[in-house]
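Worksheet: one structure, shown below.
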């Protein structure tokens, strides 16, 4: 048990994400990992309870964040994205938070745990260098830092993989001189936001670059590499991270909006997706057209849509599909 606790402590201390634990019955925040200070811009002791956490959430996202916490307390695991406004510099940061329930004793409200990741787009200057050799590591670090990139270095692929699940999105630069391609393969399998640029000497093996691409490397640079080629490969990899993050954010925002609908509002939305009118949806659901009209207005309000085509796009992005047949 002691060894497991020590591993968790090391994980929490090195994680760029905020690990947190909330007690719904007392309203306390029982644990905030060290990354909290950097992400929220305040010491952990300044946020002792759930109320102070909600106060840090952007006013437009606060009610939805409170509902997400309550849903986790009701034994639902969910991913929710919201904005916070840091007290230190008033900067707005975008947080992707995974809420999950932790069972408690019978007769009391449960605990809720979470992993909060800062997904603000300016995190796109982050790079990770993996190189066994000191000289190779210094050269890569120097080239990247001179271009303004934030660099975290690792002396082995395994050392990197041990922490990969807790790292912020960024580009991995992998020196293949003393490493093989297992790092790229592991990251591809984990579907992580950590694209790999590999650097190595083919030594007559013309298939090395091809094999690298097959296991998930986004670019391969033959040695001796140039700073210009390295920076171009890193920029391209980070641009794809931003594009994927934008797609994921749109999907998450759409899902959050859909989740805020009542069951009846969701049925009306599905009827609209099937091409129904107020009258046909009313007949299918056993409601009056006026009631459907009220639900439809509420759906448009919650989705933030001004037109029906806009509502359809949002619902489609969230994976909502029409179900059943309408009475015509």
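In full-length UniProt numbering, the protein residues as written are 1 to 328.
Glycine included, every Cβ here is placed at the ideal spot set by N, Cα and C.
If contacts are defined as beta-carbon pairs under 8 Å, then residue i and residue j qualify, I think. What distance do you get, rounded to the angstrom?
i: residue 130; j: residue 148; result: Rounded, the Cβ-Cβ distance is 20 Å, inconsistent with contact.
i: residue 85; j: residue 56; result: 7 Å
i: residue 196; j: residue 216; result: 7 Å
i: residue 23; j: residue 111; result: 6 Å
i: residue 29; j: residue 47; result: 6 Å
i: residue 61; j: residue 83; result: 5 Å
i: residue 308; j: residue 272; result: 7 Å
i: residue 355; j: residue 181; result: Look at the range of the chain in this structure, 1 to 328, and you will see that residue 355 is not part of it.
i: residue 243; j: residue 218; result: Between residue 218 and residue 243 the Cβ distance is about 13 Å, and since that is not below 8 Å, they are no contact.
i: residue 155; j: residue 132; result: 6 Å
i: residue 76; j: residue 252; result: With 8 Å as the limit, residue 76 and residue 252 do not qualify as a contact, their Cβ atoms being about 16 Å apart.
Which residues bound the beta strand (DSSP E) around residue i?
i: residue 20; result: 18-23
i: residue 329; result: Nothing can be reported for residue 329, as the shown portion of the chain is limited to 1 through 328.
i: residue 223; result: Run containing residue 223: none; DSSP gives neither H nor E here.
i: residue 94; result: 92-102
i: residue 57; result: Neither: residue 57 is in no beta strand (DSSP E) and is coded neither H nor E.
i: residue 114; result: 111-118
i: residue 41; result: Note, residue 41: premise wrong, no beta strand (DSSP E); not H, not E.
i: residue 200; result: 196-200
i: residue 167; result: No beta strand (DSSP E) contains residue 167, which DSSP labels as neither H nor E.
i: residue 86; result: Run containing residue 86: none; DSSP gives neither H nor E here.
i: residue 321; result: Here residue 321 belongs to no beta strand (DSSP E), and DSSP marks it neither H nor E.
i: residue 175; result: 171-175
i: residue 31; result: 28-32
i: residue 150; result: 150-154
Considering just the uninterrupted stretch of the alpha helix (DSSP H) at residue i, what are its terminal residues?
i: residue 309; result: 308-317
i: residue 189; result: 182-190
i: residue 299; result: 289-303
i: residue 345; result: Within the shown structure, residues of the chain are numbered from 1 to 328, placing residue 345 beyond reach of any answer.
i: residue 269; result: 263-273
i: residue 136; result: 134-146
i: residue 210; result: 208-214
i: residue 282; result: 278-285
Excluding the five sequence neighbours on either side, which residues of its own chain have a C-beta within less than 6 Å of the C-beta of residue i, listed in chain order?
i: residue 229; result: 221
i: residue 150; result: 125, 126
i: residue 152; result: 128
i: residue 117; result: 17, 96
i: residue 161; result: 186
i: residue 318; result: 254, 255, 258
i: residue 321; result: none
i: residue 200; result: 176
i: residue 198; result: 174, 176, 212, 217, 220
i: residue 64; result: none
Once you ignore the five residues that flank residue i on each side, which residues in its own chain have a CB closer than 7 Å to its CB?
i: residue 293; result: 278
i: residue 123; result: With a pLDDT of 49 at residue 123, under the threshold of 50, the predicted position of this residue should be treated as unreliable, and no value is reported.
i: residue 73; result: 24, 101, 109, 110, 112
i: residue 98; result: 79, 114, 115
i: residue 250; result: 317
i: residue 330; result: The chain is shown only over 1 to 328; residue 330 falls outside these bounds and no answer can be derived.
i: residue 15; result: 33, 35, 166
i: residue 103; result: 110
i: residue 141; result: 129, 151, 153
Ignore the nearest five residues each way along the sequence and tell me which others in residue i's own chain have a CB closer than 8 Å to its CB.
i: residue 106; result: With a pLDDT of only 49 at residue 106, under the threshold of 50, the placement of this residue in the model should not be trusted; the figure read from the coordinates follows. Cβ neighbours of residue 106 beyond the five flanking positions: none.
i: residue 268; result: 281, 285, 292, 295, 296, 299
i: residue 31; result: 19, 20, 21
i: residue 265; result: 295, 298, 299, 302
i: residue 306; result: 300
Taking C-alpha atoms, which residue in the options lies nearest to residue i?
i: residue 303; options: 284, 263, 225, 255; result: 255
i: residue 227; options: 272, 143, 70; result: 143
i: residue 224; options: 13, 11, 139; result: 139
i: residue 260; options: 251, 212, 67, 114; result: 67
i: residue 88; options: 199, 310, 36; result: 36
i: residue 173; options: 135, 231, 208, 201; result: 231
i: residue 188; options: 214, 63, 70, 207; result: 214
i: residue 330; options: 194, 141, 27; result: Residue 330 cannot be examined here, being either before or after the span of the chain that is shown, 1 to 328.
i: residue 27; options: 54, 12, 311, 252; result: 54
i: residue 58; options: 45, 44, 70, 40; result: 40
Would you say residue i faces chain B, with C-beta separation under 8 Å as the test?
i: residue 160; result: The structure shown contains no chain B; it holds only a single protein chain.
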